[in-house]
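*Asks:*
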Amino acid sequence: MDLIRVAVPFFLLAIAAELLWGWWVGRNTYRLNDSFSSLMLGILSQAQKFLRLGVGGVVYAWIGSSVGLDYWRVDAWTTWFVAFVLYDLCYYWLHRISHERQLLWAAHVAHHQSEEYNLSTALRQTSTGFLFGWIFYIPLFVLGIPPEVVVSVGAVNLIYQFWVHTRHVPELGWLEYVFITPSNHRVHHAQNDCYVDKNYGGVFIVWDRLFGTYQPELADTPCIYGIRGPLLSWSPLRALTHIYIDMLNDIRQAASWGERCQVLIAKTGWQPGSIPEAARRQKNDLSQFHVYDPAVASARRVYGGLQILGATPVAPLGPASGTERDSGVVNFYTAIVDRSRYCLVA
Ligand SMILES: [Zn+2]
Ligand SMILES: [Zn+2]
């Protein structure tokens, strides 16, 4: 069963409920243009299911069948609990490096471009995460955790992260010490100097407390949401590619091969010293920050709404192994491994 597909209708209901609640209490956190952009990126991200199986699935299968330790003989509850916790530790490092290194930031940035913060932001997901994301979960397969358990705890981890994308829930007392909450995840989405690169956990905030990346929300520093180099566009194609394009431009204009290679492994925001001043990217001046909110003509609003309505029912119907909807990639994948054990549904 694809848990994420099951959850999608509840996600949409929760978004409607948050919108109504915002109107009811006089604190609406939605803008139509921003929410349409986030929802469209969420729909597009479903396409990577096919690719993730193709890129990472084969490696996982090989590790599971030839390298993976075969002594995982504990009871089911222990297996699920250990897998759930270790998955979040892997997620922490994937997420942290996705912020700190620009090659991975190029994929993850899509989740952070919104200058609003609401439940629709949670669905704003990348479509290029399949490129490197799978590498960080290899330890789970080496440990011999069954693939179906890894996939299931991964789905629960992602579903958990949905509810924390709201401005309507305050700090939650002792929960702030253990779990990712709306308050500490608001910090993660903020671009204020004191909030940048903090709170990377998916379910547990304990990793951030352990590894020195924890930052609580401060009463005197309201979150300014979004990224320091603003997107200034509603184009999903631009949202998914703008950092890759920036990197290609830097590689093209760099004076040496050393600098060109460094672009690929450098910290986020790094640019070669040799490129012209005009090609240097500017960051937001937060003392004069305004959200990107151009007027959108009525006809385009209607078109945007119809596009979302038309695409939403189609998007959740990604590859579901064991059904008639199996894609060629899934068939290829399941053909090379024991189907009964490795029928991954991402
Ligand atoms: Zn992030
Ligand atoms: Zn988030």
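Using my numbering, read the sequence shown as starting at 1 and increasing by one per residue. Note that beta-carbon positions come from the ideal geometry of N, C-alpha and C, so glycine has one too.
For residue 28, which residues of its own chain have a beta-carbon under 6 Å away from its beta-carbon, when the five flanking residues on both sides are left out?
*Replies:* Around residue 28: 22.
*Asks:* Quick check on DSSP: helix, strand or coil for residue 255?
*Replies:* Three-state DSSP puts residue 255 in coil, outside helix and strand.
*Asks:* What does the Cβ neighbour count give for residue 304, buried or exposed, with the cut at 16 atoms within 10 Å?
*Replies:* Residue 304 comes out buried.
*Asks:* Pull up the distance between the alpha-carbon of residue 279 and that of residue 130, whole angstroms please.
*Replies:* Near 30 Å, if we compare the C-alpha coordinates of residue 130 and residue 279.
*Asks:* Do residue 26 and residue 125 count as a contact pair if the criterion is CB distance below 8 Å?
*Replies:* Cβ distance not < 8 Å, so residue 125 and residue 26 don't count as in contact.
*Asks:* Looking only at its chain, what residues have a beta carbon closer than 7 Å to the beta carbon of residue 36, apart from the 5 residues adjacent to it on each side?
*Replies:* Once the five neighbours on either side are set aside, the close Cβ partners of residue 36 are 304, 308.
*Asks:* Give the straight-line distance between the Cα atoms of residue 62 and residue 262, rounded to the nearest whole angstrom.
*Replies:* About 31 Å.
*Asks:* Among the residues of its own chain, which have a CB less than 8 Å from the CB of residue 249, if the five just before and after it don't count?
*Replies:* Same-chain partners within the cutoff: 279.
*Asks:* Looking at ligand 1, does it come within less than 7 Å of residue 362, judged from the CB to the closest heavy atom?
*Replies:* Look at the range of the chain in this structure, 1 to 346, and you will see that residue 362 is not part of it.
*Asks:* Would residue 200 and residue 187 qualify as a contact pair, given that the criterion is a beta-carbon distance under 8 Å?
*Replies:* No; because the gap between Cβ atoms is not below 8 Å, this pair is not in contact.
*Asks:* Figure out for me which residue from 39, 267, 283 has the closest Cα to the Cα of residue 98.
*Replies:* Residue 267 is the option with its Cα nearest to residue 98.
*Asks:* With a cut-off of 8 Å on the beta carbons, I'd call residue 90 and residue 136 a contact; round off their distance for me.
*Replies:* The Cβ separation is near 5 Å, so the contact holds.
*Asks:* Measure the C-alpha to C-alpha separation of residue 117 and residue 123 and round it to an integer number of angstroms.
*Replies:* Between residue 117 and residue 123, the C-alpha separation is close to 11 Å.
*Asks:* So for residue 87, helix, strand or coil by DSSP?
*Replies:* It is helical.
*Asks:* Is there at least one non-hydrogen atom of ligand 1 closer than 7 Å to the beta-carbon of residue 165?
*Replies:* Result no, Cβ not under 7 Å from ligand 1.
*Asks:* Using the C-alpha atoms, what's the distance from residue 288 back to residue 281?
*Replies:* Residue 281 and residue 288: Cα-Cα distance of roughly 18 Å.
*Asks:* Hey, is residue 290's beta-carbon within less than 8 Å of any beta-carbon in chain D?
*Replies:* Of the chains in the structure shown, none is chain D; there is only one protein chain.
*Asks:* Can you check which of these residues, 234, 258, 257, 230, is closest to residue 246 by C-alpha distance?
*Replies:* It is 230.
*Asks:* Put residue 14 into one of helix, strand or coil per three-state DSSP.
*Replies:* It is helical.
*Asks:* Would you check if there are 3 or more beta carbon pairs closer than 8 Å linking the segment 76-94 to the segment 3-23?
*Replies:* Cβ pair count under 8 Å is below three, so no.
*Asks:* So, with DSSP's three-state summary, where would you put residue 219?
*Replies:* Looking at residue 219 - three-state DSSP - the assignment turns out to be coil, as it is neither helix nor strand.
*Asks:* Pop quiz: residue 226 and residue 113 are said to be a contact at Cβ under 8 Å. What is the actual Cβ separation, rounded to whole angstroms?
*Replies:* Confirmed, Cβ separation roughly 7 Å.
*Asks:* Bridge partners for residue 190 per DSSP, in chain order?
*Replies:* According to DSSP, which records beta bridges pairwise, residue 190 is partnered with 225.
*Asks:* Relative to ligand 2, is the shortest distance from any of its heavy atoms to the C-beta of residue 188 smaller than 7 Å?
*Replies:* It does: the Cβ of residue 188 is within 7 Å (strictly closer) of some heavy atom of ligand 2.
*Asks:* Can the beta-carbon of residue 243 be found closer than 8 Å to that of residue 105?
*Replies:* Taking 8 Å as the Cβ cut-off, residue 243 and residue 105 qualify as a contacting pair.
*Asks:* In whole angstroms, what is the alpha-carbon distance linking residue 254 and residue 148?
*Replies:* Whole-angstrom Cα-Cα distance: 45 Å.
*Asks:* So for residue 204, helix, strand or coil by DSSP?
*Replies:* Of the three classes helix, strand and coil, the one that applies to residue 204 here is strand, per DSSP.
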